[in-house]
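Note that the protein sequences, when read in sequence, are chains P and H. For the first sequence, full-length UniProt numbering gives the first residue as 1, with consecutive numbering after it. For the second sequence, full-length UniProt numbering gives the first residue as 1, with consecutive numbering after it.
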Amino acid sequence: MNNTIVAPTIEYGTLAPLLLIFGAAIVGVLVEAFAPRYLRKAMQVPITLLSIAGAFALVILQVVSGDVPTTPVAMGALAVDGPSLFIWGVILVLSFVCVLLINDEGHFVASAAAVPGSADEEEAERSGSAHTEVYPLALFAIGGMLLFPAANDLLTMFVGLEVMSLPLYLLCGLARRRRLLSQEASMKYFLLGAFSSAFFLYGTAMIYGYAGTVSFAGISQAMATGALLDPLLLLGFSLLAVGLLFKLGAAPFQAWKPDVYQGAPTPITALMASGTLVAAVGALLRVFWAGLGNLDWNWRPVIWVIAALTMIVGSILAITQTDIKRMLAYSSIAHAGFLLVGVVATSSTAAGNAISMQAILFYLLVYGLATVGAFAVVTLVRDPGGEANHLSRWAGLGKRSPILAGVFAFFLLAFAGIPLTSGFFGKYAVFTAALASGREAGDSLGAWMTGLVVVGVVASAIAAFFYVRVIVLMFFNEPAADGPSIAIPSTGTVAVISIAMLVTVGVGVFPEPVLQLAHNAAAGLFIR
Amino acid sequence: MTTHYLILSGLLFAIGAIGVLTRRNAIVVFMCVELMLNACNLAFVTFARQVGNLEGQIIAFFVMVVAAAEVVVGLAIIVTIFRTRRSASVDDVNLLKY
């Protein structure tokens, strides 16, 4: 028996971005506790924005200095590898622009505890109080998003999942207008989210029973030597997949997404549609590729079916929507399906896997920014009672406000994957990776991968129909006499829309630099 | 013999899952989710005994902490809904659909 206790080592330099975000979140909580009310917003905004920018700078510094660790850090709890750093960078950029949106006036309730329509609520509105707790909550959620895809064992991943989700459950219920919808979204998200994370946890328990450990290295080692058709392993895999696919919003676990996206305050919807999706895809990839890589004969058909189903369900149900946020939610479901095509596209060689990984990383960046841009436009089209989310209210927007409608149309074209937008190269990269993976496998499996790409292209065509329908509605319909007003955008919102627009156009015309960056990040694949 | 404990854990998880799907009161639904988490804990501890390391027992502590945090958030949300609607039934929250 070895009785000496070895002190754990923590690589503070490598973990600095994560520690900075969590540290700033805790400082934010302390500000809420001790700073006077009138000072809070003035302190929270710089703390939040500077910490996100600082964390991004630290990520860039780590990439530029070239000391990307080749072994897991923090005693094997986290894997800060190329894909992790790329995903961190994407999440930090997306959350920075989302915080700029959150920062705008009038999105959040003055007092969440006041019953809607009561005298308390009126009083809170009149006194101009605001929930500045939103900023530390958002920071905790962002910290969870960073932790979730970088986790190197299932326990850390579960903790990351909860740290990401718990603040988001609360943030969903804090909309200033239509508070009943917002509270309802919050409750639905919470109950279903807690339900799905229980599945994730039971899956973890089953895998632990099979492998005797929850670290991805240990799991894949146990699979290399042990039986692959062990019931514990298969049960564990299925339950883990339920938990992860729920967070991603893949069919048949997509039901929460439209409700929550519609009810939540729009800046939070933007954060969920971009940051959470990126983190969930990263975590899903890590579990399936790094943890359960040896089981790919079992999980690839399952994910194949789910990818096809998700693309079809997302695209078809989007057609019937009359609410702009709901429509964007279904579009987000369809995009989750396109990303899953990349997850299925594994290969027997590391180079082949790196191509699929590069495609997914690239897709995450371009889709995330276009989404935030689209939701930023949604915040600007307003009725007296809040945002004008019903599609009929958007009729003729192109005649009243050509620039705004033009920008929105451009984001929709990027979602549809029209050439000269970033979305085209995203889809192109994912589909090519899938075809290459099928070609390599040959014969029947190759045909299956081609089939999945065909489903993807058909789904894209269906999706293009409803995107174009909105564009036609905006530009070729007469505006209603009492149409919605276009809010004068704040500097923050202008910055968000400009950044999103710039990247969508820029990457659509010159994709090489970003593709190269994704290629470099993907080259080393996951470490475990 | 650890099998009995695993069967018990599976039963608790199933009871919790069925409860979430069939019960109508949000508080009860939430308690069923907690039951599922506790079923996970039992499975972890049992497997720790079976495979002969302490990892599973340590995970159980983490799960307890997460479950406690979840209770805070969950009850806050359910109480807010109850104050607004005078009802905690999950059938009554039906404004968001289609």
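All C-beta atoms in this analysis are idealised placements derived from N, C-alpha and C, irrespective of residue type, glycine included.
State the Cα-Cα distance for the pair residue i and residue j, rounded to the nearest angstrom.
{"i": "ALA270 (chain P)", "j": "ASP259 (chain P)", "result": "14 Å"}
{"i": "GLY396 (chain P)", "j": "ALA459 (chain P)", "result": "27 Å"}
{"i": "VAL214 (chain P)", "j": "LEU155 (chain P)", "result": "7 Å"}
{"i": "TRP256 (chain P)", "j": "LYS247 (chain P)", "result": "10 Å"}
{"i": "ALA500 (chain P)", "j": "LEU49 (chain P)", "result": "17 Å"}
{"i": "ASN520 (chain P)", "j": "ALA151 (chain P)", "result": "21 Å"}
{"i": "GLY456 (chain P)", "j": "SER331 (chain P)", "result": "13 Å"}
{"i": "ASP91 (chain H)", "j": "LYS188 (chain P)", "result": "11 Å"}
{"i": "GLY508 (chain P)", "j": "LEU285 (chain P)", "result": "25 Å"}
{"i": "VAL66 (chain H)", "j": "LEU473 (chain P)", "result": "47 Å"}
{"i": "ILE7 (chain H)", "j": "MET164 (chain P)", "result": "32 Å"}
{"i": "ALA351 (chain P)", "j": "ALA523 (chain P)", "result": "7 Å"}
{"i": "ALA113 (chain P)", "j": "CYS98 (chain P)", "result": "25 Å"}
{"i": "ILE268 (chain P)", "j": "HIS4 (chain H)", "result": "45 Å"}
{"i": "THR450 (chain P)", "j": "GLY291 (chain P)", "result": "26 Å"}
{"i": "PHE431 (chain P)", "j": "SER51 (chain P)", "result": "36 Å"}
{"i": "TYR12 (chain P)", "j": "ILE219 (chain P)", "result": "27 Å"}
{"i": "ILE333 (chain P)", "j": "PRO36 (chain P)", "result": "42 Å"}
{"i": "ALA370 (chain P)", "j": "GLU34 (chain H)", "result": "38 Å"}
{"i": "VAL29 (chain H)", "j": "GLY144 (chain P)", "result": "25 Å"}
{"i": "ALA217 (chain P)", "j": "ARG528 (chain P)", "result": "5 Å"}
{"i": "ALA79 (chain P)", "j": "PRO72 (chain P)", "result": "4 Å"}
{"i": "VAL90 (chain P)", "j": "VAL45 (chain H)", "result": "38 Å"}
{"i": "ALA60 (chain H)", "j": "LEU232 (chain P)", "result": "19 Å"}
{"i": "PHE408 (chain P)", "j": "GLY373 (chain P)", "result": "8 Å"}
{"i": "ASN38 (chain H)", "j": "LEU244 (chain P)", "result": "20 Å"}
In this structure, does DSSP put residue i in helix, strand or coil?
{"i": "ILE527 (chain P)", "result": "coil"}
{"i": "ARG382 (chain P)", "result": "strand"}
{"i": "ILE486 (chain P)", "result": "strand"}
{"i": "ALA175 (chain P)", "result": "strand"}
{"i": "GLU478 (chain P)", "result": "coil"}
{"i": "HIS335 (chain P)", "result": "helix"}
{"i": "VAL73 (chain P)", "result": "strand"}
{"i": "LEU201 (chain P)", "result": "helix"}
{"i": "HIS107 (chain P)", "result": "coil"}
{"i": "ALA7 (chain P)", "result": "coil"}
{"i": "LEU248 (chain P)", "result": "helix"}
{"i": "GLU32 (chain P)", "result": "helix"}
{"i": "ASN38 (chain H)", "result": "helix"}
{"i": "LEU228 (chain P)", "result": "coil"}
{"i": "ASP259 (chain P)", "result": "helix"}
{"i": "LEU96 (chain H)", "result": "coil"}
{"i": "ASN298 (chain P)", "result": "helix"}
{"i": "HIS4 (chain H)", "result": "helix"}
Are the CB atoms of residue i and residue j nearer to each other than 8 Å?
{"i": "ALA88 (chain H)", "j": "ILE77 (chain H)", "result": "no"}
{"i": "TRP304 (chain P)", "j": "VAL344 (chain P)", "result": "yes"}
{"i": "VAL73 (chain H)", "j": "LEU404 (chain P)", "result": "no"}
{"i": "GLY28 (chain P)", "j": "LEU100 (chain P)", "result": "no"}
{"i": "LEU92 (chain P)", "j": "VAL59 (chain P)", "result": "yes"}
{"i": "LEU413 (chain P)", "j": "TYR367 (chain P)", "result": "no"}
{"i": "LEU340 (chain P)", "j": "THR310 (chain P)", "result": "yes"}
{"i": "ASP323 (chain P)", "j": "LEU391 (chain P)", "result": "yes"}
{"i": "GLN262 (chain P)", "j": "ARG326 (chain P)", "result": "yes"}
{"i": "LEU21 (chain H)", "j": "GLU184 (chain P)", "result": "no"}
{"i": "VAL68 (chain P)", "j": "PHE108 (chain P)", "result": "no"}
{"i": "VAL313 (chain P)", "j": "ALA251 (chain P)", "result": "yes"}
{"i": "ALA359 (chain P)", "j": "LEU452 (chain P)", "result": "no"}
Return no unless some Cβ of chain H is closer than 8 Å to the Cβ of residue i.
{"i": "THR213 (chain P)", "result": "yes"}
{"i": "ALA150 (chain P)", "result": "no"}
{"i": "TYR428 (chain P)", "result": "no"}
{"i": "SER186 (chain P)", "result": "yes"}
{"i": "LEU137 (chain P)", "result": "no"}
{"i": "TYR367 (chain P)", "result": "no"}
Using a beta-carbon distance below 8 Å, is residue i in contact with chain P?
{"i": "THR22 (chain H)", "result": "no"}
{"i": "MET1 (chain H)", "result": "no"}
{"i": "MET64 (chain H)", "result": "no"}
{"i": "LEU54 (chain H)", "result": "no"}
{"i": "ARG49 (chain H)", "result": "no"}
{"i": "GLN77 (chain H)", "result": "Note that residue 77 (chain H) corresponds to Ile in the displayed sequence, not to Gln. Chain P, which has a Cβ nearer than 8 Å to the Cβ of ILE77 (chain H), makes this yes."}
{"i": "PHE82 (chain H)", "result": "no"}
{"i": "LEU96 (chain H)", "result": "yes"}
{"i": "GLY19 (chain H)", "result": "no"}
{"i": "ALA43 (chain H)", "result": "yes"}
Problem set entry | Cβ contact (3+ pairs, closer than 8 Å) linking the region 371-380 of chain P and the region 491-506 of chain P | yes
Exercise. For the region 199-207 of chain P against the region 223-236 of chain P, are there 3 or more C-beta pairs whose distance is under 8 Å?
Worked result: yes
Exercise. How do the region 35-49 of chain P and the region 110-121 of chain P stand: do at least 3 beta-carbon pairs fall below 8 Å, yes or no?
Worked result: no
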